[in-house]
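Worksheet: the structure to be examined is printed underneath.
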Amino acid sequence: FRRVLFRSAMTRRRAFTLVEVMLSLVLLSVVLGAVTNVTLNMQRIYLRQREATAADDALRTTELMLVAVLRSAGANPKNMTGTNAPMLDPDPNNTGTFNGLRAVADFNPPNSSTSDNLEDVLVQVASDTLKVRWTAGGTLDPVAAGVRSLAFEYYASNGVLLTTKTNVSVATRVKVTVTAVEHTRSTVLAQRVFWVNL
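Residue 184 is where the sequence shown ends in the working numbering, and the numbering goes up by one at each step.
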């Protein structure tokens, strides 16, 4: 009889009580909650860094492309009449603001025609995307996503700001301001300002 009681007492000691089970579940919930919270925070940080990197890439791509386009417009090639006349249109959509650009130049190759690739380039922003038309009559191709706005300021050689389309033909420097969406869940914008000598 003592052996039976001793065995039943040992059997009872090997099992968990309801309080021990509840305490284990509470501790497990706290640990899992902490791990989940850390994981979610790391994921948010990663997404923000990825978006910030994408915005920086969009700004860098826009800068490199605009520098090339503006410098080609200042190449001063011969046009079909034989006179030096590259064209730089700071307001191709006639909005009254210098937030787009059309550059026409006969340089690729110089053959008295501006129908070759890169000789009639149109740059504008639509739907938070930088779009470029590379040839006359071509379609606007997306180049950089997330670009919110472009702003151009044209300056003469004496440093005077040129404010009309007709005066832009004497510009020697261009100040370009580009903004891009840094975070999709906020209104934070990344900005890059750079100068281009024509």
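Glycine included, every Cβ here is placed at the ideal spot set by N, Cα and C.
Give me the Cβ distance between Gly145 and Ala40, rounded to the nearest whole Å; I'm assuming they're in contact under 8 Å. Counted from its first residue, the sequence shown places residue 145 at position 159. Counted from its first residue, the sequence shown places residue 40 at position 54. Between Ala40 and Gly145 the Cβ distance is about 36 Å, and since that is not below 8 Å, they are no contact.
Using 8 Å as the threshold, is the segment 69 to 88 in touch with the segment 96 to 115, meaning 3 or more CB pairs across them? yes
Whole-number beta carbon distance between Ala166 and Leu45, since they are thought to touch under 8 Å: Taking the sequence shown and counting its residues from 1, the one referred to as residue 45 is at position 59. Taking the sequence shown and counting its residues from 1, the one referred to as residue 166 is at position 180. Confirmed, about 5 Å.
For Ala44, the three-state DSSP class (helix, strand or coil): Locating residue 44 in the sequence shown gives position 58, counting from the first residue. Note: Ala44 maps to helix in three-state DSSP.
Which value, in whole angstroms, describes the spacing of the CA atoms of Thr100 and Arg36? One-based indexing of the sequence shown puts residue 100 at position 114. One-based indexing of the sequence shown puts residue 36 at position 50. Roughly 40 Å between the two C-alpha positions.
Bounding residues of the beta strand (DSSP E) (the contiguous stretch that carries Arg119): Locating residue 119 in the sequence shown gives position 133, where the first residue counts as 1. DSSP places Arg119 inside the beta strand (DSSP E), whose first and last residues are 115 to 119.
6 Å CB neighbourhood of Val59 in its chain, flanking five on each side removed: On the sequence shown, residue 59 is found 73 positions in, with the first residue counted as 1. Checking the sequence shown, residue 59 turns out to be Ala, not Val. The answer, listed in chain order, is Pro72, Leu74, Ala89, Ala91.
Status (buried if at least 16 other CB within 10 Å, exposed otherwise) for Phe138: In the sequence shown, residue 138 corresponds to position 152, counting from 1. By the Cβ neighbour-count rule, Phe138 is buried, with 16 or more other Cβ atoms within 10 Å of its own.
Counting C-beta neighbours from all protein chains within 10 Å, is the total for Phe2 16 or more, i.e. buried, or is it exposed? Numbered from 1 along the sequence shown, position 16 holds the residue referred to as residue 2. Label assigned to Phe2: exposed.
What does the Cβ neighbour count give for Ala130, buried or exposed, with the cut at 16 atoms within 10 Å? For the purposes of this step, residue 130 is taken as the residue at position 144 of the sequence shown. Ala130 should be labelled buried.
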